[in-house]
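Counting with the numbering used here, you get residues 2 to 223 for the letters of the sequence shown.
All residues carry an ideal CB built from backbone N, CA and C; glycine is no exception.
Quick caveat, the model's predicted, so the values are computed rather than measured.
Here is the structure we will look at, set down as structure tokens.
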Amino acid sequence: MKTIFIAGTDTGVGKTIVAGGLASALRLKGVRVGVMKPVACGGREDIDYLTSCAGIKEDLGIVNPIFLKHPLSPNVAANLEKTTIDLGKIKSAFNYLKARYEVLVVEGCGGLLVPIKENFFVIDLIPFFKARTILVSRSGLGAINHSLLSLEALKRRKIKPIGVIFNRLRGENLSIPEKTNPEVISRISKIPSLGLFPYMKSCAVTCAGKAFLKHIDLEKIL
2 MKTIFIAGTD TGVGKTIVAG GLASALRLKG VRVGVMKPVA CGGREDIDYL
52 TSCAGIKEDL GIVNPIFLKH PLSPNVAANL EKTTIDLGKI KSAFNYLKAR
102 YEVLVVEGCG GLLVPIKENF FVIDLIPFFK ARTILVSRSG LGAINHSLLS
152 LEALKRRKIK PIGVIFNRLR GENLSIPEKT NPEVISRISK IPSLGLFPYM
202 KSCAVTCAGK AFLKHIDLEK IL
């Protein structure tokens with residue numbers, strides 16, 4: 002069983018769209034794929050989208066074992082809600098899912114250095130799950146700095162990502178940064194670009210999978 006962790010350079014860069022697109026693409030290829038979002042803060046709409054993309058029905062508490070009501074970093078939200086984040090609960094849910102699927106797509110929350118607990122960060126989930134990882138970055142201005150900082154954080158922990166997916170957040174013509182960022186980041190970091198995921202105003206399940214297959218190098222991921 003393969004585990005692919007979808008990490009992000011920041012919040013709001015498109016991790017859910019990309020994770021769902023990957024799950025849908027694998028499903029279209031006939032792969033039995035599961036999804037997981039270990040920690041969610043503020044809402045569970047992302048989980049509904051991910052399970053729809055994978056075409057699965059699992060207990061919400063398994064796909065998303067830790068849910069916090071406040072849209073804050075998990076450690077702050079947990080403190081505010083007077084609860085403790087149980088990593089054992091996350092691991093149990095993960096073990097259940099990995100036994101049921103050929104590939105498990107796991108989406109992180111926020112950026113890599115968002116604290117889940119005081120001394121446990123989103124980036125620490127990658128070795129925790131023994132997962133391979135894909136970094137999702139915005140495609141436009143600012144992507145170089147955010148991507149290289151995130152890749153440096155991964156490198157410091159001896160985690161080599163499969164590559165970077167650049168997600169378009171707007172539907173206009175490609176800007177100069179969007180045209181040049183993938184090559185610049187790949188050249189400096191020595192980590193390959195896996196492609197530019199198109200802007201999708203409303204991203205239906207099948208549409209996301211077809212877009213992923215068209216624009217992203219799935220062979221490098223598998």
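Taking C-beta to C-beta, are VAL36 and ALA24 nearer than 7 Å? Yes. Within cutoff.
Helix, strand or coil for THR4? Go by DSSP, reduced to three states. Three-state DSSP puts THR4 in a strand.
Look up GLU108 in the DSSP assignment and say whether it is helix, strand or coil. Of the three classes helix, strand and coil, the one that applies to GLU108 here is strand, per DSSP.
Could you please give me the residues that DSSP links to MET37 through a beta bridge? Looking at the DSSP output, MET37 shares a beta bridge with VAL107.
Taking the continuous beta strand (DSSP E) assigned at PRO168, which residues delimit it? Looking at the sequence provided, one finds Asn at residue 168 rather than Pro. Run containing ASN168: 164-168, per the beta strand (DSSP E) assignment.
For GLY196, which residues does DSSP report across the bridge? According to DSSP, which records beta bridges pairwise, GLY196 is partnered with ILE166, ILE217.
Distance check for THR52 and LYS58, CA to CA, integer angstroms please. Near 7 Å, if we compare the C-alpha coordinates of THR52 and LYS58.
Count the CB pairs spanning the stretch 140-160 and the stretch 26-42 that are closer than 8 Å, and state whether there are at least three. Touching, no, given that fewer than three Cβ pairs across the two stretches are closer than 8 Å.
Give me, in chain order, the residues of the same chain whose beta-carbon lies closer than 8 Å to that of LEU195; leave out the 5 immediate sequence neighbours on both sides. Here the set comprises ILE135, ILE163, GLY164, VAL165, ILE166, ILE217, ASP218, LYS221, ILE222.
DSSP state of THR134, grouped into three classes? In the structure shown, THR134 sits in a strand (DSSP, three-state: E or B).
Given a threshold of 16 other Cβ atoms within 10 Å of its Cβ, counted over all protein chains shown, does THR17 qualify as buried or as exposed? Buried, by the Cβ-count rule.
Going along the chain, which residues of its own chain have a beta-carbon closer than 7 Å to the beta-carbon of LEU142, five neighbours each way excluded? Correct list, in chain order: PRO178.
Give every residue of the same chain whose Cβ lies closer than 8 Å to the Cβ of ARG45, excluding the five residues on either side of it in the sequence, and list them in chain order. Closer than 8 Å at Cβ, skipping near neighbours: LEU61, ASN65, PHE68.
Quick check on ILE145: does DSSP put it in helix, strand or coil? Of the three classes helix, strand and coil, the one that applies to ILE145 here is helix, per DSSP.
What would DSSP say about ARG139, mapped onto helix, strand or coil? In the three-state DSSP reduction, ARG139 falls in the strand class (E or B).
First and last residue of the uninterrupted alpha helix (DSSP H) at LEU69: Where LEU69 is concerned, there is no enclosing alpha helix (DSSP H), although the beta strand (DSSP E) it sits in stretches over 67-69.
Span separating the alpha-carbon of LEU73 from that of CYS42: Computed Cα separation, rounded: 6 Å.
Whose CA, out of LEU155, PRO183, GLY56, lies closest to the CA of TYR102? In terms of CA proximity to TYR102, GLY56 leads the group LEU155, PRO183, GLY56.
Taking PHE198 as the reference, give the member of SER138, ASP11, ALA94, VAL104 with the closest Cα. When only C-alpha atoms are compared, the closest one is SER138.
In the DSSP assignment, find the beta strand (DSSP E) that holds PRO72 and state where it starts and stops. Unbroken run through PRO72: none, as it is neither H nor E.
Using a Cβ-Cβ cut-off of 6 Å (strictly less than) and excluding sequence neighbours within five positions of ILE127, which residues of its own chain qualify? Here the set comprises PHE6, THR134, ILE160.
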